[in-house]
Each structure stands twice: as structure tokens, then as C-alpha cells.
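Numbering (this note's numbering), first residue to last: 13 to 338.
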């Protein structure tokens, strides 16, 4: 049972700080076969306690993501559970061939921790944005993909990965002082989405940082006497087909993600419904087929329409123009 005081403290640390500074540290204490390898991101990723207290279980390969995956895979083949940590964009793209062959094809027991996903790197620009990472990781067979909504969920993702056998990608977004979704403890399970607002004829499925926006949007519509359900899809692959089946008769489903609308959460949802005779209308809210502008992360999100007011307006316009809903 995680106390509320800890939840507030972890929100200040952010997803990466909690995942690396708390959850991985606890897991290393518990499991003797866990190792952490990073591409020159020890302190930045929140791994200082691991570095100081378990130097023999920590390896820094430098700015060399392909080597990072190669070393991690080799250690995994010796019955170790390895956490490989780097910026999401470089981890998934520079190391893609090694990830595909070693983790996907050979099922190396490596957990990829991609920090600062989405547009969290702000002023560093498009070279540092990870807005295609879910898409390219989804394309690899045998790859589990987790995208926690807040620091508490990031903690649970890492704890679950400590005993999970197989390759996985954990997408960590935002920085310190992250927005909390959960203000008290809850039951986390891989592959089981969490319903945060009661399901209705209109539902939002969100992942990562956008879950917080989805809740805010739903609460605004509640004041307008319009009910909109909210689902936190923290596991993107395998997606929770049970919850998708439950809402298959929805009049309208919105997916919201800080990721390209091509190949991400929205695409995963559509792929499921494409196999059914009857499917709901799906509207994808995310980053369109463009390279986003450069600026701090809040500015970039606004330019991409990934903030509460813009999402509310988008949904209002669609509802007002859809006679089936009205």
C-alpha cells in the first residue's frame, strides 16, 4: 500500500525520477539478477542512488545506444534482468536494429526505459522529440509496451517489470513536478486498462501524460451535462481487448496521446475494431503528420492542440456536427 504522502513526493520527482530513483532501486535490493545500463544518463535519469550504492550493478556505456542494447542483450542471455535507460528518441531509433534482432527476435530479457518521451525535451527540438517511438516499438513482435500516466503508475510499471520475463518498452514522459492522475493507491495490472470516469456513449481513451488532460476534459463536459468516459490505457501492447469490447457500441471514441496519430494508441485501437463487423467512430487526437515547432514543452503541446481547452473545442465541434449523437 503506497501512502498518499509518497504519491505526492513521487509526483515532484516525476515519472523518470520515481521509476529510476525509487522503483529500480527497490528492485535491485530485492532481486540479485537486476542490472542497469545507461547511455550516459545516470544522474539525469534519477539513478544516483543506484550508482552510489550498487556500482557493480550499474554500467554506463556512454553515448552509444547500439552498444547499450548489445551489452544489455548479452547480459540478459546470461539469465539477468536488464534495464536499459536512455532518452526515448535515441533509445528507440538509434538502437532499433539491435532492439529488433536481440529483443524482438531472440526475446532478450531487457526492459527499455525511454525517458523524456513525446515533446518533453522542449527547446532541444525535433532531434530530441520522441513522437514515433510507440509506432516503431509496436511493429516489433514480442514487445510489451507500457505508457504510465503519472509517477505512481511509473513506479508500478517498473515493479511489474522486475519479475516480468521478456522484452518491454516503458515510455516515461514529462519531467519533475509532474501532474498526478492518482491521488491514492490502486490496483495495477499489465494489460488491464483503468476506467477513471464512468463509461458512456462517448469515451476517451488516453495514455501517458494525456490521461490528466482527458480527465480535465471529461470534468468540463460533466458541467455541461454531457457524460464522457475516460480510460487510462497504460498498456498499449498487448492492448486491453476486453475494455475495447465493452465500449464497442459507443457512438464516439476519442484517443488522446502525445505521439503521432500514425501508429500509436489511436492506431492500436483502430486495428482492434477493424476486425469487427460493427465498429464505433474513432477520432484520433495527437500530433499530426508534421514535425512540431520548437519551444518549451507547454508551448509545443499547445501548438499541437494537446491541452484541455483545445481538446474540449475539438470534441464539441465533432459532437455538434454529428446528428447521430445529437
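Backbone N, C-alpha and C fix where the C-beta goes; we use that ideal spot for every residue, glycine too. Note that the structure is a prediction, hence the values are computed from the model and not measured.
C-alpha distance - residue i paired with residue j, whole-angstrom precision
| i | j | result |
| --- | --- | --- |
| residue 171 | residue 99 | 20 Å |
| residue 148 | residue 104 | 8 Å |
| residue 130 | residue 332 | 31 Å |
| residue 234 | residue 240 | 7 Å |
| residue 173 | residue 326 | 37 Å |
| residue 242 | residue 143 | 22 Å |
| residue 267 | residue 68 | 43 Å |
| residue 215 | residue 287 | 20 Å |
| residue 51 | residue 80 | 6 Å |
| residue 198 | residue 35 | 16 Å |
| residue 128 | residue 187 | 7 Å |
| residue 73 | residue 160 | 27 Å |
| residue 53 | residue 256 | 37 Å |
| residue 137 | residue 314 | 15 Å |
| residue 20 | residue 289 | 45 Å |
| residue 101 | residue 260 | 33 Å |
| residue 63 | residue 44 | 15 Å |
| residue 217 | residue 76 | 35 Å |
| residue 296 | residue 278 | 6 Å |
| residue 221 | residue 191 | 8 Å |
| residue 284 | residue 248 | 12 Å |
| residue 232 | residue 317 | 17 Å |
| residue 113 | residue 258 | 36 Å |
| residue 107 | residue 276 | 19 Å |
| residue 90 | residue 118 | 13 Å |
| residue 253 | residue 262 | 15 Å |
| residue 46 | residue 95 | 7 Å |
| residue 59 | residue 189 | 17 Å |
| residue 66 | residue 37 | 9 Å |
| residue 109 | residue 78 | 8 Å |
| residue 41 | residue 312 | 39 Å |
| residue 330 | residue 323 | 11 Å |
CB contact flag (residue i, residue j, <7 Å)
| i | j | result |
| --- | --- | --- |
| residue 271 | residue 182 | no |
| residue 265 | residue 292 | yes |
| residue 88 | residue 48 | no |
| residue 328 | residue 298 | no |
| residue 224 | residue 193 | yes |
| residue 30 | residue 167 | yes |
| residue 201 | residue 22 | no |
| residue 97 | residue 125 | yes |
| residue 185 | residue 132 | yes |
| residue 180 | residue 208 | no |
| residue 246 | residue 165 | yes |
| residue 196 | residue 16 | yes |
| residue 120 | residue 85 | yes |
| residue 320 | residue 228 | yes |
| residue 308 | residue 134 | yes |
Assigned exposure category for residue i - 16 Cβ within 10 Å defines buried
| i | result |
| --- | --- |
| residue 13 | exposed |
| residue 93 | buried |
| residue 177 | exposed |
| residue 39 | buried |
| residue 300 | exposed |
| residue 230 | buried |
| residue 70 | buried |
| residue 24 | exposed |
| residue 206 | buried |
| residue 153 | exposed |
| residue 302 | exposed |
| residue 28 | buried |
| residue 280 | buried |
| residue 226 | buried |
Sheet register partners of residue i (DSSP bridge)
| i | result |
| --- | --- |
| residue 295 | 266 |
| residue 48 | 70 and 95 |
| residue 152 | Residue 152 is not bridged to any residue. |
| residue 183 | 126 |
| residue 143 | Partner(s): none; residue 143 has no beta bridge. |
| residue 157 | 181 and 249 |
CB contact below 7 Å: residue i versus chain C
| i | result |
| --- | --- |
| residue 250 | Here there is only one protein chain, and chain C is not present. |
Enumerate, from N- to C-terminal direction, the unbroken beta strand (DSSP E) stretches of 3 or more residues contained entirely within the stretch 199-272.
The qualifying runs are 206-209, 214-218, 240-244, 247-249 and 264-272.
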